[in-house]
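If you read the sequence shown in the working numbering, its first letter stands for residue 1, the second for the next number, and so on. Backbone N, C-alpha and C fix where the C-beta goes; we use that ideal spot for every residue, glycine too.
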Amino acid sequence: MDETNQNQTEAQTKLNPFEMALKNFELAADLLGLDTEIRNQIRLPERELTVHFPVKMRDGKFKVFTGYRVQHSTARGPAKGGIRYHPDVTLDEVKALASWMTYKCATVNIPYGGAKGGVICNPKELNDFELEHMTRRYTSEISCIIGPTKDIPAPDVYTNAQTMAWMMDTYSMARGEYCPGVVTGKPLAIGGSKGRNEATARGCVFVIAEAAKHLQIPLKGARVAIQGFGNAGAISAQLIHDNYDAKVIAVSDSRGAVFCENGFDPHRAIEHKQRTGSVVGLAGTETIPGDAILTLDCDILIPAALENVITPCVANSVKAKIVAEAANGPTVPDADTVLDQKGVFVLPDILANAGGVTVSYFEWVQNNSGLYWTEDEVNARLKQIIVTAFEEVLLASQKYKVNMRRAAWARALDRVAEALKVRGIYP
Ligand code: NAD
């Protein structure tokens, strides 16, 4: 393929995120032979709220922000999903992420639907005063549809435990009662769960271990490359190195990638990033171009940063035997075909990064019961849920003779469709 054609093909693969989610949805619906009425009921979000609201800035002036909260499905339980602060937030992105949450919760069989929220803003340009005021006003704007039994937000890109604390406080003060269960991912001091911070990475490493067992790839000494060195990526590096003796040979962040043929201790990389702001420059490693990490000669590749990074062209050069999607949507749909042809075993995002929402569910259960668990209890329950989900998806992939992504979507969609069927139509 010449370069022009290749660029065109790459451009075509850059789908609108909601179209990308719909593509996976239709493939799964076809596999299940889902009838048109149920398809139409599930395809689009139940509710899309757009809010425009003023915030008083530090200089005394007002600025108007736009935010969204989309509830894709409440068929299996209250809607659940994070809040993103980013200049590129769009309604279609939020719709896509909300639908992903529906299928992620159904994949691991926790009793939630799916939702997502976002505010168009550049949090790097806002100080803490402005972030707090924006968060509180946004919470107030969406409080008509959120609540512990309705829709439970959590952190996502550029929001964190502090953001959740402001949301929980705003909601509780307006209600005149203590409502810890309105959000998850809170600080421990106000009802956060032990193990939540590591949960996404822990779940990801649990599914990698199951996949490696299934494929008979020994994890001890397995070569691991990780794109993104934040919550999901850095903790995955730590856990796979410490608990399975795997060899982390390359990691990257937004400033570049580092590589060492013999592997390195990810704890050193974490310390280096904390000190310098990047993994680049880590002693004993060589710097390589950021994108090169995806096509390195390794056994396990963990994309843990961005969407749409594994295009068909990149997929052609992927050498890993297992790709574990810690990030949401790192593989564009057409690249799946290429990875399948090459025999790469892909652990799809709705399974591989479901550890985070699973421990969010544990946090909500603890908030609702008032009884708090030890970290060992949290991790043991997480393992049980994630390993069961892996086994179910693997069985479905064998039954339907499809890849793990299609199998996970089909398994999840089947659960959502079943809930809708038994509930029937109101009124
Ligand atoms: P984070 O902000 O903690 O870390 C993101 C990392 O990606 C940072 O190290 C950043 O430098 C790096 N990055 C940004 N641009 C990059 C680039 N071009 N190349 C390489 N690295 C780049 O975010 P996170 O919470 O770790 O989330 C990462 C992904 O995992 C996202 O897709 C997110 O939706 C997904 N995810 C996270 C959780 C969670 O609980 N944290 C749960 C489910 C899914």
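Where Thr184 falls: helix, strand or coil (DSSP): Residue state, collapsed to three classes: coil.
Inter-residue Cα distance where the pair is Ala106 and Leu32: Roughly 15 Å separates the two Cα atoms.
Beta-carbon separation (whole angstroms), Leu394 vs Thr358, contact threshold 8 Å: A Cβ-Cβ separation of about 18 Å leaves Leu394 out of contact with Thr358 under the 8 Å criterion.
Backbone CA spacing between Pro54 and Ser236 [nearest angstrom]: Using only the alpha carbons, I get a separation of about 39 Å.
Spatial distance of Cys204 from Gly355 (CA atoms): Rounded to the nearest angstrom, the two C-alpha atoms are 7 Å apart.
Helix, strand or coil at Ile142 according to DSSP, with G and I counted as helix: Helix, per DSSP.
Helix, strand or coil at Phe206 according to DSSP, with G and I counted as helix: In this structure, Phe206 counts as helix in the three-state DSSP scheme.
Completely contained beta strand (DSSP E) runs for the segment 310 to 344, where each covers 3 or more residues: 322 to 324, all fully within the segment 310 to 344.
Contact test: Ala209 Cβ vs the ligand NAD heavy atom, cutoff 7 Å: For the ligand NAD, not one heavy atom lies less than 7 Å from the Cβ of Ala209.
Assigned secondary structure, Leu382 (DSSP; H/G/I helix, E/B strand, else coil): Leu382: helix per DSSP, three-state reduction.
Beta-bridge partners of Val70, as assigned by DSSP: In the DSSP output, where bridge partners are listed per residue, Val70 has Glu48 and Lys116.
Whole-angstrom distance between His241 and Ala269, CA atom to CA atom: Their Cα atoms are separated by approximately 12 Å.
Exposed unless 16 or more other CB atoms sit within 10 angstroms - verdict on Tyr178: Tyr178 comes out exposed.
Beta-carbon contacts of Gln6 that lie in its chain and below 8 Å, excluding the five residues immediately before and after: Because the pLDDT of Gln6 is 44, which lies under 50, any placement of that residue in the model is unreliable, and the number read from its coordinates should be weighed accordingly. Correct list, in chain order: Cys313.
Range of the contiguous alpha helix (DSSP H) that encloses Leu351: Boundaries of the alpha helix (DSSP H) harbouring Leu351: Asp349 to Ala352, taken from the DSSP string.
Simplified DSSP assignment, three categories, for Val280: Three-state DSSP puts Val280 in coil, outside helix and strand.
Supposed contact pair Pro78 and Asp151 - C-beta distance, whole angstroms, cut 8 Å: That pair is a contact at about 6 Å.
At least three beta-carbon pairs within less than 8 Å, the segment 63 to 78 to the segment 310 to 325: Contact between the segment 63 to 78 and the segment 310 to 325 is absent, because fewer than three Cβ pairs lie under 8 Å.
Reference Met168; option with closest CA among Ser193, Ser140 and Tyr158: Of Ser193, Ser140 and Tyr158, the residue nearest in Cα terms is Ser140.
Closest by C-alpha distance to Asp128, when choosing among Asn160, Gly147 and Trp100: Taking the Cα of Asp128 as reference, the smallest distance to any Cα among Asn160, Gly147 and Trp100 is reached at Asn160.
Residue of Ser397, Gly228, Ala389 and Tyr361 minimising C-alpha distance to Tyr330: Going by the sequence as given, residue 330 is Pro instead of Tyr. Looking at the Cα atoms, Gly228 is the closest of the given residues.
Same chain, Cβ closer than 8 Å to Ala283, five either side skipped, listed in chain order: Closer than 8 Å at Cβ, skipping near neighbours: Arg268 and His272.
Neighbour-count burial assignment, Ser252, 16 or more Cβ in a 10 Å radius: With 16 or more other Cβ atoms within 10 Å, it is buried.
Proximity of Ala335 and Glu307 at Cβ, strictly below 8 Å: No, Cβ-Cβ distance for Ala335 and Glu307 is not below 8 Å.
Where the beta strand (DSSP E) through Val157 begins and ends: Unbroken run through Val157: none, as it is neither H nor E.
Residue interval of the beta strand (DSSP E) (run including Asp253): That run of the beta strand (DSSP E) goes Lys247 to Asp253.
Contact test: Phe206 Cβ vs the ligand SAH heavy atom, cutoff 7 Å: No copy of the ligand SAH appears in this structure; the ligands present are the ligand NAD.
Three CB pairs or more closer than 8 Å across the segment 102 to 119 and the segment 412 to 425: In short, these stretches touch, since the Cβ pair count reaches three.
Beta-carbon gap between Gly191 and Asn367 smaller than 8 Å: Yes, the pair counts as a contact, with Cβ atoms nearer than the cut-off.
Residues near Val119 by beta carbon distance below 6 Å, same chain, minus five either side: Around Val119, the same chain offers Phe65, Gly67, Tyr85 and Tyr138 as residues with beta carbons nearer than 6 Å, after the five sequence neighbours per side are excluded.
Contact test: Asn328 Cβ vs the ligand NAD heavy atom, cutoff 7 Å: The beta carbon of Asn328 sits closer than 7 Å to at least one heavy atom of the ligand NAD.
Nearest-angstrom Cα separation, counted from Ile38 out to Ala225: Taking the straight line from one Cα to the other gives about 41 Å.
For Ala222 and Lys247, believed in contact at Cβ under 8 Å, the rounded distance: The pair is a contact, with the Cβ atoms about 7 Å apart (cut-off 8 Å).
Thr200 beta carbon near the ligand NAD (any heavy atom closer than 7 Å): Relative to the ligand NAD, Thr200 has its C-beta within less than 7 Å of a heavy atom.
Test item: CB-CB of Leu347 and Ala211 under 8 Å: In this structure, Ala211 lies closer than 8 Å to Leu347 by Cβ.
Same chain only: Cβ atoms within 7 Å of Val402, ignoring 5 sequence neighbours per side: Excluding sequence neighbours, Val402 sits near Leu31.
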